[in-house]
Amino acid sequence: MATHEAKRRSTIILLSFVFIVSINGNIDSKTKQQEMDRITALPGQPMVTFSQFSGYITVNEQHGRALFYWLTESTTIPHNKPLVLWLNGGPGCSSVAYGASEEIGPFRINKTASSLYLNKYSWNTEANLLFLESPAGVGFSYTNTSSDLTDSGDERTAEDALVFLIRWFSRFPQYKYRDFYIAGESYAGHYVPQLAKKIHDYNKAYSHPIINLKGFIVGNAVTDDYYDNIGTVTFWWTHSMISDSTYKSILANCNFTADTTSQQCDDSVNYAINHEFGNIDQYSIYTPVCINTSTTTNTSTSTIRSMRLKNTLIRRRRVVSGYDPCTENYAEKYYNRPDVQRALHANITKIPYKWTACSDVLIKNWNDSQVSMLPTYKELIAAGLRIWVFSGDTDSVVPVTATRFSLSHLNLTVKTRWYPWYSKRQEGGQRCMMD
């Protein structure tokens with residue numbers, strides 16, 4: 075009897091040992107994957123104290139779709155800071171090109187694309203930033219199935235992003251229960267709330283949510299086809315970008331909720347773009363334009379303008395921030411450098427085309443686009459998510475008037491009335507709170 079009891083205890087101890095080794099082995103494997111993604115330093119990078127990681131997460135094995143990410147941890151106490159996923163719009167534009175390199179990331183690229191310098195306004199002073207190039211075909215993200223590039227749309231983009239997050243959190247388990255926010259701008263006004271809804275629905279299927287989503291942030295966001303487009307044309311007119319007659323012609327001839335436009339609508343919009351706008355930066359109408367004859371950009375200005383604003387005006391590209399209008403050119407030079415790609419663990423499959431800030435193929439062939447995000451907003455507000463909408467007032471592509479027209483139809487109650495906010499005693503804008 076004693077011998078049998080001793081054997082039983084020995085078996086229990088052995089099984090416990092095997093179980094512990096199995097868990098530790100799994101953790102070691104994930105730690106090893108993290109370390110393989112660690113960025114030692116980027117070419118021309120100034121010295122920094124925060125950690126960086128980048129690499130690929132496969133989101134669909136059958137089609138060979140893999141999304142590229144770049145994590146820049148917070149400059150102070152990263153283990154106590156929230157995680158923010160940043161998405162750029164387009165559809166088809168890179169979060170590495172814009173979010174990381176022009177907007178909220180820690181680095182800026184110099185004019186010769188030979189080095190980086192620090193962005194003192196980087197959001198990684200307050201959060202850990204996760205930049206995702208999405209969908210496949212954007213930037214370094216790729217697919218082994220060519221048809222994926224011509225049938226992408228809102229639904230699959232959100233599905234792939236959810237798969238990415240689930241697998242990314244598995245690789246970085248220290249972030250699994252961290253406060254998590256999704257942020258983005260322009261056409262990410264679709265990506266962000268659509269992904270938030272996917273996460274919300276996913277979490278409801280589990281007794282303990284594994285993605286600790288607290289809310290989302292969108293800027294100059296594409297929100298509702300009809301109200302956005304009315305607001306956009308109104309902005310053009312009230313900012314003297316178009317004539318009275320063209321304004322009336324667009325309103326008379328354009329059905330802003332249709333999937334396709336009439337010839338009369340095309341003619342009116344094209345006349346405004348080609349004959350009345352002039353050579354301005356449509357994303358920052360009072361700042362200088364980039365005077366550059368380089369062919370490094372992926373699409374001619376006239377073609378880009380046409381694609382942006384035709385087809386109900388809703389094929390939005392990105393919103394450029396900062397004072398240098400040529401930063402997109404610097405990014406395309408820098409991220410095509412082989413040494414930069416090696417440092418980022420990028421382009422490991424040797425994609426047969428150059429890295430570009432935006433994909434013309436995706437922009438031209440976007441398959442499905444939700445007409446209005448307002449029902450999704452209502453559902454997520456009811457679920458208790460916090461939402462911050464910001465809008466720069468010199469962007470003519472997704473202008474502040476579009477945002478205000480769209481959000482007014484949520485019929486929310488104003489908690490804090492419209493009032494100015496200040497930075498260093500200078501007014502930075504206005505804000506209000508609704509519930």
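Counting the sequence shown from 1 gives a position; this note's numbering is that position plus 74. Think of the CB as a built atom: it goes at the ideal place given N, C-alpha and C, for glycine as much as any other residue. These numbers come from a predicted model, not from an experiment.
Beta-carbon proximity list for residue i, same chain, < 7 Å, skipping 5 on both sides
i	result
L486	M508 and D509
T149	T123, F124, N198 and T199
T146	F124, Q126, G179, P180, N198 and L203
E350	M315, I316, S317 and T320
K185	Y404
F464	G293
G502	W495 and Y496
P120	L190, Y191 and L192
K428	N410
Chain-order list of residues whose beta-carbon lies under 8 Å from that of residue i (same chain, five-residue window excluded)
i	result
P399	D355, S358, T361, P362, V363 and C364
T475	G305, T306, T308, F309 and T312
S84	Note that S84 scores 45 on pLDDT, short of 50, meaning its location in the model is unreliable and no value can be drawn from it.
R112	S125, Q126 and F127
V435	G166, G211, L223 and T224
Q248	H153
Residue i versus residue j - alpha carbon distance
i	j	result
Y333	S196	In the sequence as presented, Tyr is not what sits at residue 333; that position holds Asp. D333 and S196: Cα-Cα distance of roughly 38 Å.
I347	G166	22 Å
Y255	I437	26 Å
N193	P180	5 Å
I240	K250	9 Å
Y496	R505	11 Å
Y451	P267	7 Å
T490	R460	15 Å
N329	K322	13 Å
N441	D467	30 Å
K155	Y493	29 Å
I425	T331	37 Å
V133	K498	45 Å
Q500	H153	34 Å
H483	R411	47 Å
Q444	D228	7 Å
D479	Y301	At residue 479 the sequence reads Phe, which differs from the Asp that was named. Straight-line Cα distance between these residues: approximately 6 Å.
S221	N439	10 Å
I151	R139	34 Å
S368	T430	Annotation note: pLDDT 46 at S368 (below 50); position unreliable, coordinate value reported separately. About 14 Å.
T401	V488	39 Å
R252	N344	47 Å
I131	A210	11 Å
S168	Q415	15 Å
N277	I422	33 Å
P449	Y265	14 Å
D413	G129	15 Å
S175	W144	11 Å
Q136	T219	9 Å
N353	K106	51 Å
Inter-residue CB distance, residue i and residue j (contact presumed, cutoff 8 Å)
i	j	result
R245	Q108	6 Å
L141	S208	6 Å
A420	A115	Between A115 and A420 the Cβ distance is about 15 Å, and since that is not below 8 Å, they are no contact.
Own chain partners of residue i with C-beta closer than 6 Å, once the 5 adjacent residues on each side are dropped
i	result
I97	Any reading at I97 is ruled out, since the residue's pLDDT is 41, under 50, leaving its predicted position unreliable.
L454	A270
G118	S188, S189 and L190
A235	S208 and L269
R182	Y191 and N193
S215	L141, F142 and E207
K407	A187
A257	V158, W160 and I291
W462	I291
C339	N327 and C328
Short Cβ contact (8 Å threshold) for residue i with residue j
i	j	result
L537	L206	For residue 537 there is no data in the structure shown, the boundaries of the chain being 75 and 509.
A295	A262	yes
A171	G213	yes
H274	A457	yes
G163	S226	no
F243	I285	yes
E233	K288	no
D298	S446	yes
I324	S342	yes
Per DSSP, cross-strand counterpart(s) of residue i
i	result
E135	Bridge partners of E135: none, in fact.
V488	M508
G293	E259 and F464
S319	Paired residue(s): none; S319 is not in a bridge.
Q338	Per DSSP, none; premise fails for Q338.
Residue i beta carbon near the ligand FAD (any heavy atom closer than 7 Å)
i	result
P267	Here there are no bound small molecules, and the ligand FAD is not part of this structure.
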